[in-house]
Each structure stands twice: as structure tokens, then as C-alpha cells.
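Here is the structure we will look at, set down as C-alpha cells.
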Amino acid sequence: MFDDFFIRALFAGIGIAFVTGPLGCFVVWRRLSYFGDTLAHSALLGVTMAYTLDLNIAISVFLISSIIALLLIQLQKRTNLPGDALLGLLAHSSLAVGLVVIGFLTFIRFDIMGLLFGDILAVTTDDLFVIWTGGALILIVLKLIWKPLLASTVNYELAEAEGLNPDRAKAIFTILMAAVIAISIKMVGLLLITGMLIIPAAMARNISDSPQKMVLFSIIGGLLSVILGLYSSLEFNTSSGPSIIAAALILFILSLFKIKQSIKLKN
Amino acid sequence: MNSNNNILVKLNNAGFRQSEKWLVEGVSLTIEKGKIVTLIGPNGSGKSTTAKIALGIYKNIEGSVEKYTTKVGYVPQKISIDWTLPIRVYDFMLLTETIEDSAIDEALSLTGVIHLKNKNLGSLSGGEFQRVLIARAISKKPELLVLDEPVQGVDYTGEIALYELIKKISDTLNCGILLISHDLHMVMTATDHVICLNGHVCCSGSPLDVAKNNEYKALFGEKASQILTTYEHKHDHVHSDKGEIKKN
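The following block contains the structure:
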């Protein structure tokens, strides 16, 4: 069944959508889209490390992204620079260093376009295993920290006062972000991962009235984007990442009509 | 350590400093089951800071906090709900603890906002939101209730009803309450112990003792002192009339 590259890509995409749906909601709620971008940019370094040291790409990307996240927290504590400047610093310097290192690795042929925008042909059976087991682990952990994470998203002090340990939930969530980027980089590409996190969640925001519903619609939106995007990628011979994101954008635009309706109803 | 097992929280000479500036220092207080402790003081005197020290929100404090309960309900002074998060009153009630639907309905009815149960939190008025905040804090049947100006923005009749509710909750749940209030009438009628803050404890004791204190008079003015002392008379009167507040 998984002999066909397209079936493999489809199952990979579906696995990714189940994870990016709920995580993307928290990215939107906690205003972390630029943080997600930074982690994704740093993933290039992870990929080069995987090639030079002959490691699994997902594990190597996960390690580098986690290190970058820790580095960011340290820089926030020790410098007086604003958060967005630090994010920009880390995002672009890690992308630049990654590209420079690739320049030195002349003995390996890199598919740069595939790295940046995703390549469905590249998904192997091993990748499927990493996506589905990694994805299941991410979802289980997210379920465990759901209450403290949501409570501290609403109000940090309320969560802290009522004994939910929001700092621990935040730290764990940061690691989950690094993990989701690690498992989806091959499919969506490092420039577009944040789009996979944000756009279905943004679409879901337009049609939801509770956190749980937003998570559900975000997953459904992600699944539809993957299916629509991959079929059109096959049809028009386009990169998989941009096709999935473009499909997500169409769903987002459709969801805007729902908002218009509810505004009309109110008036 | 805990010789008296009615004690819920104990602050020993506690203080908090933020970038070289003391927000509050040298506060000692004890909150016991079934007792209401009220903090009063001008703006910036460290009332909310003291509450946050007692709750354990501030970590790097001077002095020490001994906390003997984990069942805490908190009504913060300021809370803003981001419009990016769709959340109904019902979801908000379940925010920090899983509570049965019947308990949610009961708490929302007590504070008079049961009709808003399925409304979006962002669409509530200031007073409605305060009522929801109080309902959320009491619905989990806490042992310690910390209320930071809980009735701000609530209409006048609602204010009286809510204060009566708070008093009743302290009796029925036998929970300890740390209350921050600007309403000196409330302080007089329901509080067991008043602490007057101005960056440090300027005086403390029973409401009447505090009202007679010279430092309190210097801080709030002679008039405030009269409110408290004359209210003592009204208080007696109301009591003999079995709660007919409007008749005083």
C-alpha cells in the first residue's frame, strides 16, 4: 500500500495535519507565529547536521530547534533587546549559517528547493513511521498539559495562583513546537511550516465559539488542505508545501463569509 | 510547623522588590478558615502585591510565606481576554479545574449571571465579567479565596448583594478570604481583621480599632474615619432589623 509515493505523502500529510491543528491554535492564541518561523528557519541547520553526521533528519532538526528555543529564552533574560529583534536575529542567522554550511558540503547534492518548500517525492516509509509515532506522542503530551496551557493563555497569574504550574506547561509546549517542525519539514518545507500551523487555526477562529471547537475545525481544515493540496500538486506538478498552504488559504477565505454572516445576524 | 490547623496562609515579614523598588515590605498576616482579612490602602500601596505574595505568584520574595492549602480561588484585579481566543462563560468556568455542571449553574445563579452561560466572554460588560469571575472562583469550593477588588464596575445594588454573598460563602464553605476593597462600609460590616497598607503595614486590627488609629486618619482623612465609626452604629441598627439594609 505504501509503495506508491503519493499514498505515502497523503498519509504523511494527514498525520501532520492532526498535530499542527491543535498546536496551531496555541500558536495563534499565544501570538507565537514569529517564534514558529524562527524555529523553522533554524531547522535548515538541523538538516545540514543530519547530512554531515549521518543522523535521522527529524531527530537532528528537533535537537537544533530545541537548542535555538533555549538560546532564545537565555537571550531574553540576559539582553535588553525586544523579543521580535531576538527572534529575527536567531531566524536569519541560523538560516544563513545553514546555507553557508551547505556551501561547504560540496560532496552532497542538496535539493534546496525541496528543503524550503517541501517535496512529496522525498517521503519514505521511515518518515511515515516518524510522523505517526512522533505525532501521537506530541498529541498525548499536549493533552496532558492542555489545562495549564489554556489557563495560562487566558491569564498567567490565575493559572499560577490556582496551582497549575504554567511555566512548566510553557516549557513543554516549546519542545512540542520544535518536535512538530521536525516531523513536518520534509513535507511542507521550512519556509512554509508556520503557514501550516497558523492558516487552518485562523480559519477555525472564524467559525468557532469555544477553544475545543477551534481545535477541531483547525484539524479538519488542515486535513482538507493536505488532501486538496497534494492532489493539485500531483495534477499541476507543483511543490507540495506551497500547494497545501494555498489550499489552506482558500479555506480561510471561505471562512470569512461565515464571519460576514454572523455580523449581519447581530445587526 | 502548623500548630493551629485553621491557618491557611501565613506571611512572615514578607516583601517584594521589583528593579530596586520595594512594592511592599514587612507584611505579616495570617488567614484562617472562616475569617475575612481585608487589605485597604491608597493606590500603589502594595495591596495587589501582597495578595500575589500570599498566592505564590511572586517567587523571589523577602521573608517567607507558609501555605497550607492548594484549593485556591482567585479573582484578579485586572484580566483581559484576548479576542483571538474564542471562549464562552461555560468554558471559562472550567478553566483551572473540572467541575460538575450543577456546580457551575449554582455558582452562576448565585452571582446572577446564569443567563450568560453560553455567551462569549468577550461580549460581556465589565460588571457582568466581574460576576463571572466571582462565580468561577467560588464554584470550585476553595479553602482560600483571594478577591482583588471583586465588585469593580458592578452596579450599586449588585455590589451590596455580592458582598453579602462573599460573607455567606465564608460562613458556609468555612473558607478563609483575603479581600482587597475600597469600600469602607463593606470593610466595617463583614471583615474580621483589617490591614491598612502604605508600602508597609501602617496599622492593623479590628475594623473599629483601625478607624480610630491616627495613621489611618492621616492616610484616608478624618472623614473616612467618621464613616467607619458612624457605621458601627448603623451596623447595630441593621443587625436588629435582620438585614433590612435599605431602611438605615
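Chains as they are written, first to last, in the numbering used here: chain A, 4 to 270; chain B, 62 to 309. Glycine is no exception: its CB is placed at the ideal position from the N, C-alpha and C atoms.
Residue environment, residue i, which counts as buried when at least 16 other CB atoms sit within 10 Å
i        : result
A/Ala139 : exposed
B/Tyr119 : buried
A/Thr136 : exposed
B/Trp144 : exposed
B/Tyr135 : buried
A/Leu90  : buried
A/Leu84  : exposed
B/His254 : buried
A/Arg112 : exposed
A/Thr156 : buried
B/Ser279 : This sequence places Ala at residue 279 of chain B; Ser is not what is there. Label assigned to B/Ala279: exposed.
A/Asn209 : buried
Any chain A beta carbon closer than 9 Å to residue i
i        : result
B/Thr131 : yes
B/Val207 : yes
B/Lys113 : yes
B/Pro147 : yes
B/Tyr224 : no
B/Gly102 : no
B/Glu86  : no
B/Asn181 : yes
B/Glu161 : no
B/Phe153 : yes
B/Asp143 : yes
B/Glu210 : no
B/Thr157 : yes
B/Ile117 : Contrary to the premise, residue 117 of chain B reads as Gly rather than Ile in this sequence. True, the Cβ-Cβ gap to chain A drops below 9 Å.
Residue i - partner residues in DSSP beta bridges
i        : result
B/Lys71  : B/Thr91 and B/Glu127
B/Arg149 : B/Asn181
A/Leu170 : It should be pointed out that residue 170 of chain A corresponds to Asp in this sequence rather than to Leu. Answer by DSSP bridge pairing: none, since A/Asp170 is not bridged.
B/Thr111 : None; B/Thr111 has no bridge partner.
B/Asp209 : B/Ile241
A/Tyr54  : Answer by DSSP bridge pairing: none, since A/Tyr54 is not bridged.
B/Phe77  : B/Val85
B/Gly266 : B/Val255
B/Val98  : B/Leu239 and B/His254
B/Tyr135 : B/Val207
Closer than 8 Å: residue i CB and nearest the ligand FAD heavy atom
i       : result
A/Gln77 : With respect to the ligand FAD, the structure offers nothing, as it holds no ligand at all.
9 Å Cβ cutoff, residue i in contact with chain B
i        : result
A/Ser258 : no
A/Ala72  : no
A/Ser211 : yes
A/Leu254 : no
A/Asn83  : no
A/Ile262 : no
A/Arg34  : yes
A/Arg171 : no
A/Asn270 : With a pLDDT of 48 at A/Asn270, under the threshold of 50, the modelled position of that residue is not reliable, and the figure given next carries that caveat. Not an interface residue.
A/Arg208 : yes
A/Thr128 : no
Among the options, nearest to residue i - alpha-carbon criterion
i        : options                                   : result
A/Leu102 : A/Phe21, A/His44 and A/Phe38              : A/His44
A/Ile149 : B/His261, B/Thr157, B/Asn67 and B/Thr111  : Checking the displayed sequence, the identity of residue 149 of chain A turns out to be Trp instead of Ile. Ranking the options by Cα distance to A/Trp149, first place goes to B/Thr157.
B/Val262 : B/Leu208, B/Tyr277, B/Val248 and B/Glu127 : B/Tyr277
A/Ile196 : A/Phe65, A/Ile230 and A/Thr23             : A/Thr23
B/Gly107 : B/Cys257, B/Asp270, B/Gly282 and B/Leu245 : B/Cys257
A/Ile2   : A/Leu194, A/Asn209 and A/Tyr54            : Nothing about residue 2 of chain A can be reported from this structure: the residues present for chain A run from 4 to 270 only.
B/Gly260 : B/Asn104, B/Glu161 and B/Glu93            : B/Asn104
B/Ile221 : B/Glu86, B/His246 and B/Gly237            : B/His246
A/Ser68  : A/Ala181, A/Ser242 and A/Phe239           : A/Ala181
B/Tyr129 : B/Asn121, B/Ile122 and B/Ala115           : B/Ala115
B/Ser80  : B/Asn179, B/Ile122 and B/Leu280           : B/Ile122
B/Leu182 : B/Ala285, B/Arg149, B/Pro211 and B/Gly87  : B/Arg149
A/Cys28  : B/Pro147, B/Ala75, B/Asp216 and B/Ser109  : B/Pro147
A/Leu35  : A/Leu56, A/Ile60 and A/Phe176             : A/Phe176
A/Ser187 : A/Ile222, A/Asp130, A/Phe239 and A/Ile178 : A/Asp130
Residue i and residue j closer than 9 Å at C-beta
i        : j        : result
B/Glu204 : B/Lys139 : no
A/Ala251 : A/Ser228 : yes
A/Phe277 : A/Ile123 : Residue 277 of chain A lies beyond the residue range present for chain A, which begins at 4 and ends at 270; the question has no answer from this structure.
B/Ile200 : B/Met154 : Per the sequence shown, residue 200 of chain B should be read as Ser rather than Ile. The answer is yes: Cβ separation under 9 Å.
A/Leu93  : A/Leu78  : yes
A/Pro25  : A/Leu142 : yes
A/Val183 : A/Leu194 : no
B/Ile101 : B/Ile227 : no
A/Ile19  : A/Ile134 : yes
B/Tyr224 : B/Ala198 : no
B/Gly173 : B/Gly214 : no
A/Leu98  : A/Leu42  : no
B/Asn74  : B/Ser125 : yes
B/Thr99  : B/Leu72  : no
A/Gly16  : A/Ile230 : yes
B/Leu239 : B/Val70  : yes
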